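For the sequence shown, UniProt numbering begins at 1 and goes up steadily by one. Built from N, CA and C at the ideal position, the CB exists for glycine as well. Keep in mind the model is a prediction, meaning the values are calculated, not measured.
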Amino acid sequence: MTSTPLWQYAATDLSALIQSGEVSAVEAVRASVERMHAVNPALNAVVTDLSDSALERARALDAAQGPKGPLHGVPITIKINIDQKGEASSNGVVAFKDLVAPGDAPLVKNLLDAGAVVIGRTNVPEFSRRCDTDNPLFGRTWNPWGRHVSPGGSSGGAGAAVAAGIGALGHGNDIGGSLRFPAAGNGVVTVKPGVGRVAVYNPSQTAERGILAQQMSAQGLLARAARDLHLAMPAMIGADPRDPFHVPLPWRGPALAGPMKVGFSREAPDLPLHSEVEKALLAARDALADAGYAVEEITPPSLREIAFEGRQALMTESYHLMAEDIAKYGSPAIVSVFEQNYRRTPTVEMKPMLEMLARRTFYARQWSVLMAEYPLFLSPFLPVPFYAPGRDAEGAEGLRESIGQGHWSTLGNYLGLPAGTVPAGLGDFPEGPKPIGVQILGQRWREDLVVDAMVAIEDRLGTLSKQLWARMG
Numbered sequence: 001m002t003s004t005p006l007w008q009y010a011a012t013d014l015s016a017l018i019q020s021g022e023v024s025a026v027e028a029v030r031a032s033v034e035r036m037h038a039v040n041p042a043l044n045a046v047v048t049d050l051s052d053s054a055l056e057r058a059r060a061l062d063a064a065q066g067p068k069g070p071l072h073g074v075p076i077t078i079k080i081n082i083d084q085k086g087e088a089s090s091n092g093v094v095a096f097k098d099l100v101a102p103g104d105a106p107l108v109k110n111l112l113d114a115g116a117v118v119i120g121r122t123n124v125p126e127f128s129r130r131c132d133t134d135n136p137l138f139g140r141t142w143n144p145w146g147r148h149v150s151p152g153g154s155s156g157g158a159g160a161a162v163a164a165g166i167g168a169l170g171h172g173n174d175i176g177g178s179l180r181f182p183a184a185g186n187g188v189v190t191v192k193p194g195v196g197r198v199a200v201y202n203p204s205q206t207a208e209r210g211i212l213a214q215q216m217s218a219q220g221l222l223a224r225a226a227r228d229l230h231l232a233m234p235a236m237i238g239a240d241p242r243d244p245f246h247v248p249l250p251w252r253g254p255a256l257a258g259p260m261k262v263g264f265s266r267e268a269p270d271l272p273l274h275s276e277v278e279k280a281l282l283a284a285r286d287a288l289a290d291a292g293y294a295v296e297e298i299t300p301p302s303l304r305e306i307a308f309e310g311r312q313a314l315m316t317e318s319y320h321l322m323a324e325d326i327a328k329y330g331s332p333a334i335v336s337v338f339e340q341n342y343r344r345t346p347t348v349e350m351k352p353m354l355e356m357l358a359r360r361t362f363y364a365r366q367w368s369v370l371m372a373e374y375p376l377f378l379s380p381f382l383p384v385p386f387y388a389p390g391r392d393a394e395g396a397e398g399l400r401e402s403i404g405q406g407h408w409s410t411l412g413n414y415l416g417l418p419a420g421t422v423p424a425g426l427g428d429f430p431e432g433p434k435p436i437g438v439q440i441l442g443q444r445w446r447e448d449l450v451v452d453a454m455v456a457i458e459d460r461l462g463t464l465s466k467q468l469w470a471r472m473g
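Dropping the structure here:
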């Protein structure tokens, strides 16, 4: 072993140390717990401290006969909008603070079965429906890079925690970018799985989600190194009969003939592409080319139409299925954000809604045909550097400059394609440094190809962890 603190280890490296017996589960978990206690008061990323139960589980794992699974003893966090037995799935809403889960969601069960140890539960915006993380129940989460930049949302607590060294992995979910916004803002890495890839069910639920929520939402993990997703995601995608639409495919798909072609675009439909974003995007492009990928700049089909219609369809569904609860249980802040969203993206009547949903298949076919030739597609994540905390709640312009720039993220959700975000630069701005993330879309069911490409980028550009920890002190 080196003198490197255990909380700094990537999940893959930490798992190897535990599996070999060089490090115990208790040592690994205790290091992350101590890190959490040291830095979380300033970040408010973890809002439920599970240190005691985590150390108890770690002791039990150390006493067991052999490793329980690939994540044996690896400390993780779970987002507070997913059921974990005995814990409240509050979703950041004061009225739901005592909504205690009677059982584990499938993804929690799968991670526990693989040996992971949950050290805490991470913060979200109210109803998990903002691209910034703040709520009246637990307060604001801060980005470890500084208070000049939002931690993103809705998995902002998970992103800030992983970046700061609180757990090697952080669970999150994504209906319009809620894994990828925090990854981009905090300088970490994630892959949003495609529709049906991870079994989904909350034992505490009293009604089913809307069909678009089912089709656009995905569960995933945030990590400090892309290769950690190859370690952890195979465990997370295990089948569960409570999700009748889960697709039980293996993590690794068949090898494709090389060199693999990557479509590439600098398109930014609204605001101009910022020079720092273009610099990071070109660095990622060159990294992939250096790794042997054949990168070709092409025009993406129907980006603007997909982004707008995806938002409009989801907002229409949300209005009919969520507006009453938001008005009844939400704070003035979340009510105002939703009102601004509805003004920016008006809801539609039944016939236009059905016509939009029909066109969704047309758009998906366009991209399916394209990705038969280009299995991966590299693009900006946002065309501009990451926004300030609370920007999405600052009226129409605030929405436009934050979630309103998520054209590429919406595409991945609306079409159900896997999409990863990886840092490709660190911009130096007068207000402070900001990570710059880029996005890689993948063929349907080929999350593994997305992660491979992100590993290739990291191998050449490096990760941001050491720079962040030096800045944090």
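- Out of S3, T4, N110 and V124, the CA that lies nearest to the CA of T48 is found in V124.
- DSSP, reduced to helix, strand and coil, places L231 within a helical segment of the structure shown.
- Straight across, the Cα-Cα distance linking V29 with G86 is about 20 Å.
- With contacts defined as CB atoms closer than 7 Å, G196 and N110 fail to qualify as a contacting pair.
- Relative to the Cα of G398, the nearest Cα in the group P346, V117, D325 and D132 belongs to D132.
- DSSP places S379 within a strand segment (E or B) once states are collapsed to three.
- Here the C-alpha atom of R343 lies approximately 15 Å from the C-alpha atom of E317.
- Short of 7 Å from the beta carbon of A333, and not among the five residues preceding or following it, lie these beta carbons of its own chain, in chain order: A393.
- The straight-line gap separating the alpha-carbon atoms of R444 and G412 is approximately 10 Å.
- Judged by beta-carbon spacing, A10 lies beyond the 7 Å limit of A287, meaning their Cβ atoms are not closer than that value.
- Scanning its chain for C-beta atoms nearer than 7 Å, with the 5 sequence neighbours on each side dropped, one finds around L6 the residues L14, V23, E27, A28 and A31, in chain order.
- Taking a C-beta distance under 7 Å as the contact criterion, E126 and G92 qualify as a contact pair.
- At a Cβ-Cβ threshold of 7 Å, P300 and E267 count as neighbours.
- For the options Y329, L61 and V455, the alpha carbon positioned closest to that of I18 is the one of L61.
- Just measuring C-alpha positions, the residue of M36, A105 and I440 sitting nearest S51 is M36.
- Contact between V189 and Q219 does not hold, since the beta-carbon distance rounds to 16 Å and is not under 8 Å.
- Counting only runs of 4+ residues, the alpha helix (DSSP H) found wholly inside the stretch 402-466 occupies 407-415 and 447-461, in chain order.
- Between W469 and the set G176, G187 and L107, the nearest pair of CA atoms involves G187.
- For R121, the beta-bridge partners assigned by DSSP are T48 and I78.
- Under the DSSP assignment, A372 falls outside any beta strand (DSSP E), being part of the alpha helix (DSSP H) whose first and last residues are M350 to E373.
- As computed with DSSP, D174 is found in a beta bridge with A218.
- As computed with DSSP, V337 is found in no beta bridge at all.
- The beta carbon of A291 is closer than 6 Å to those of A456 in its chain, skipping five residues each way along the sequence.
- The three-state reading of DSSP puts A255 in coil, since its state is none of H, G, I, E or B.
- Runs of the beta strand (DSSP E) lying entirely within the stretch 290-329 and spanning at least 3 residues, in chain order: 294-297.
- A check of alpha carbon separations from S178 across T421, V74, V451 and N40 identifies T421 as the nearest.
- Between A184 and F429, the CB-CB gap reaches or exceeds 7 Å.
- Here DSSP, grouped into helix, strand and coil, assigns K279 to helix.
- L426 and I436 have their C-alpha atoms some 6 Å from each other.
- When C-alpha distances from V74 are compared across N202, L99 and A223, the shortest belongs to A223.
- Annotation: the continuous beta strand (DSSP E) that includes K192 extends over V189 to K192.
- When DSSP states are grouped into helix, strand and coil, K109 belongs to the helix group.
- Closest by C-alpha distance to V384, out of G416, E278 and G330, is E278.
- In terms of Cβ geometry, G172 and S155 form a close pair [threshold 7 Å].
- Distance from the CA of Y319 to the CA of Q8, rounded to the nearest whole angstrom, comes to 43 Å.
- With three or more CB-CB distances shorter than 8 Å, the stretch 295-315 counts as touching the stretch 404-411.
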